[in-house]
Amino acid sequence: EVALATPPNAPEPPPVSVFDVKGTQPIVHTDPATRPLIVAGDGEGLVDLAILGALDPSSVVLYSGSFAHDPSALRREIAQPGSVLVVTDSNRKRGRRWGSIKDVEGPTERVDETSLSPDEGDARLDVFPGSGPDAQTVVQSPGAEVSTTGIGNVITYWPEMRGSRAFDGNLDTAWEVGDHGSVIGQKIRLDLAHPITTDRVNLVQPQVGPNARFITKVTLTFDDGHPVTVELHDASRTPAGETVQFPRRTFHRLEITVDDTNVGDTFDYPTSNNVGFAEIRLRDEAPGARDVRVGEIVRMPTDLVDAAGSLAETRPLVYEMSRSRNVVIPPRYSQDEEAIVRKLLVPGGRDFSLGGTVRLATAAPDDVLDTVLGIPGAAAGGITVRASQHLPGDVSARGSAAFDGDPATAWNTAFGDPTGQWVEVQTPAPETFDHLDLSVVADGRHSVPTQLRIDAGGESRTVDLPPVADRATPNATTSVPVSFPALTGDDVRVTISAVRPVTTIEYHENQPIVMPVGIAEVGLPGVTRPPVPTQLPSECRSDLLQVDGTPVPIRLLGDTASALRGDAVDFEPCGGALSLTAGNHLVRSAPGTVTGIDVDGVVLGSDAGGAPMTLGPGGSLAPVTQSADRGPSSGPAVRVVQNGRTKQQLEIRGAQPGVPFWLVLGESNSEGWRATVAGTDAGQSTLVDGYANGWRIVPTSANFAVTLEWTPQRDVWVALAISAAALLACIVLACWPRRRARDDVGDVGAAIDGEVTLGNPLVAHGTTPRWRVVVVAVVVAGLGAAFVSRWWIGAVVGAAALLVLLRPRWRVLLTLGAVACVAGTGLYVLVQEHRYRYPYDFFWVDHFSAAANVAWLAVLLLAADALVEVARSRRTSS
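Count the sequence shown with the working numbering and you get residues 8 to 885, in order.
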């Protein structure tokens, strides 16, 4: 999609680019303590604030979470003159995986949320240990909570497939799990705040994306008891779903377990896709009851405003919100957050200014996007164009591009079979036509239509297109005029009924996939789309943003060319300031799939004293955080006297006694760094500027010395000394002259005059041990093998160990048996790969799981051989 959406004349980026970074801070520097930017959130929030111009190099940045164990210190920083308080929706409670460079973050979780089964791949990072949920951004779902055993696959997180998507009323979203893995036993659980009474539930399996593998049997469990197992049929794979009935009951909890699929528990392509439910429709039997819906509210951190208390009234206060969206183009079926829904805590009544940014919603219907861009529809004297789909992530590929009179633009379908996809136009009045001046994209990167069906006024015409040869130029078009008996109508639809496919290799499955069709011009005589205006419509819109349920009209400020490129577009409020009382408030944007506009960022700013803050374009905070009236913009001078690898000697000049400042070491924050100020230990550093070590110093003189030392290096030197001593001891022992008497333990490893000889791998050495030793060795070998692998492997290993203990010439079972198992495993992999040509991806090894037990057997036979050697080497008393 990215390649097709990139203009052919776009310059190729260089292999390496060098960018000048101006105004950089020295690695060691000072900042005044009187103008801190105090942020509730984490590094993601700082990135957003950097975009808003809020990071002033002369101000130290502090996280409220860093002071979780010292709230009085946080309040002290809030009280500093010139401090600015910012609450972001970052530092989210969510899992993390590290098997990929993208899709590493799970969905934002509830305070008490845990997976229904252990997630061994979850290696989340706790930036502020012990800070608690008040310092985090978490999800609240009033009335109902959804938990699952997993989402997406075992390597990456796909948060848009979380369990709540099965209760959102949207068939385009779903709870999905098990991509390229086992799905039997996966569960989804709904917990209701209030019980319902019913005897049925309607289940709809995913309607979007691959569905070669699907669920055929599930078990329903209510309040942890009375399970009901049911078969699922074809109806469950339709939008209407399949209604499952059970004995009437009242319950708080419903749990659904996947028991079987159409292919069992295998997951070979093409049946390697996720399974799950697009909708689980459940409602109480009471008249007028509606389906259970699970709405998610993202609660922003509260620790900073709680700590500020009444001090917040005298400090600038900002709330910064960013929609969590998939930056991959195109996104999978939906976004992590389809809209901004934020709960924020305001410490006291005050007025706020509003700003932010929006983008065109690439997944919105084509006619909605035309309206957003200011193109008049049929009702306004223009034309209205709709399409069954367009190339994901590329709004320029929408249907009206085939009616704009410009052959350089085209309606592009999505990847996959384009047969059946359509584009239609509605005109102000009926049109009569008997031909199309059709123009198609034929560049070797697009499939080419070979047959079209034209519908208008209730009649249809099917036309065959002549053969079209591909050209070498990207996005090259070919004119293919077609004629047919005349049609009349104001609703003309052109459907692709057959194509000459052009294929490529799909990166995820490494399998062939059909390229899109591009129609540059439908060529309906006399019907052309009006040109795109240069500026976005500037009227106020009340359908994009709400605060506490009340619409907040906003106006878009930007040009259409930037919007079509996917750039952020600024917005501003149409009215005055927002007055918010003390307590919780809810900010909600509309889904872009409905309005055509994704609200991506919202900034609320209130100045010291509670007046609305002056914000820059798009909610920029530079006018506030970089203003000159926040106090001194620099701390005392610092000079590095000695710069060692683990120790630095500094000299501070020009400090004011009693006036604190921050000494910053711009290396990654670690408790190992210690500062000594004028001979006094300043202790452990504080996390400042989002990454660095900082010490808040209250000087007692104008000039003094500071020592920064990486204290763990002392332990490293001690460890190196111990290692060197151990190495020296090993060398002495190895070179010390000695002679050993002949040991009668057998031919393997026998020491004769200090020389080691090779033993026979086919015969066990030593003598047959007592029966007690035999029993213990066999039990240890068998149970140990069964514990780490399978019960039957334990039985095989135990039997082989018993035989060799009693009959030493059967040692071949253990030694060559292990070799044979390894060889057999390798041969199986080679044969299966030759037969099925499995793609070399994250899950390649899963295709050979049948050989895993044989590989385990090889390892455990060798372990048993070592155990037998020990047992037969034991001396027996006479």
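Just so it is clear, CB atoms sit at the ideal spot from N, CA and C, and this is done for glycine as well.
Remember, it's a predicted structure, so these values are computed and weren't measured experimentally.
Three or more Cβ pairs closer than 8 Å define a contact, and the region 178-194 meets that threshold against the region 156-164.
By the neighbour-count criterion, in which a residue is buried when 16 or more other Cβ atoms sit within 10 angstroms of its Cβ, glutamine 518 is exposed. Bounds of any beta strand (DSSP E) do not take in serine 73, whose DSSP letter is neither H nor E. Bounds of any beta strand (DSSP E) do not take in isoleucine 800; it lies within the alpha helix (DSSP H) bounded by 798-813. In this structure glycine 356 is not in contact with leucine 593, their Cβ atoms being roughly 17 Å apart against a cut-off of 8 Å. In the structure shown, asparagine 209 falls within a strand segment according to DSSP collapsed to helix, strand and coil. Relative to the Cα of isoleucine 561, the nearest Cα in the group Ser243, Val648, Leu361 and Ala151 belongs to Leu361.
In the structure shown, the three-state DSSP call for isoleucine 222 is strand. Of the residues assessed, isoleucine 34 falls on the exposed side of the cut-off, its CB having fewer than 16 other CB atoms within 10 angstroms. Going by beta carbons, proline 523 and threonine 420 fall inside the 8 Å limit. For the region 418-495, the full-length beta strand (DSSP E) segments reaching 3 residues or more read 429-443, 446-448, 455-463, 466-471 and 484-486 along the chain. Across the set Gly665, Asn218, Glu320 and Pro149, the C-alpha of Glu320 shows the shortest separation from the C-alpha of alanine 618. When the five nearest sequence neighbours on each side are left out, the beta carbons in the same chain lying within less than 8 Å of the beta carbon of serine 708 are those of Ala662, Pro664 and Ala685, in order along the chain. In the structure shown, tryptophan 724 falls within a helical segment according to DSSP collapsed to helix, strand and coil.
When only Cα atoms are considered, asparagine 218 and aspartate 298 end up about 25 Å apart.
A check of alpha carbon separations from tryptophan 799 across Ala784, Val215, Gln720 and Leu867 identifies Leu867 as the nearest. Going by DSSP, glutamine 553 is part of the beta strand (DSSP E) stretching over 552-554. Isoleucine 659 is positioned such that its CB atom lies closer than 8 Å to that of proline 643. For histidine 201, DSSP records no beta bridge to any residue. By the CB criterion at 8 Å, alanine 858 and threonine 832 fall inside the cutoff. Annotation: the continuous beta strand (DSSP E) that includes glycine 525 extends over 525-528. For valine 819, there is no enclosing beta strand (DSSP E); the enclosing alpha helix (DSSP H) covers residues 819-843. Assignment of beta-bridge partners to valine 299 by DSSP yields no partner.
Going by C-alpha positions, leucine 823 is about 41 Å away from asparagine 280. By the neighbour-count criterion, in which 16 or more other beta carbons inside 10 Å mark a residue as buried, isoleucine 738 falls on the exposed side. Contact between threonine 683 and threonine 714 is confirmed by a C-beta separation of about 4 Å, below the 8 Å threshold. For glycine 52, the enclosing alpha helix (DSSP H) covers residues 50-58.
A Cβ-Cβ distance of about 5 Å is found for the pair threonine 495 and glycine 464, placing them in contact under the 8 Å criterion. Around the beta carbon of glycine 248, a 10 Å sphere encloses 16 or more other beta carbons of the protein chains shown; the residue is thus reported as buried.
With a cutoff of 8 Å on beta-carbon distance, arginine 818 and valine 780 are scored as not near each other. Taking arginine 548 as the centre and dropping the five residues before and after it, the same chain places the C-beta of Pro560 and Ile561 closer than 7 Å to its C-beta, in chain order. Rounded to the nearest whole angstrom, the C-alpha separation of valine 301 and arginine 288 is 11 Å.
Straight through space, the alpha carbons of valine 645 and arginine 405 are spaced by roughly 59 Å. Rounded to the nearest whole angstrom, the C-alpha separation of leucine 821 and leucine 809 is 11 Å.
Around the C-beta of glutamate 327, 16 or more other C-beta atoms lie within 10 Å, and the residue is accordingly described as buried. Cβ contact annotation for valine 134 (same chain, cutoff 6 Å, sequence separation greater than five): Asp49, in chain order.
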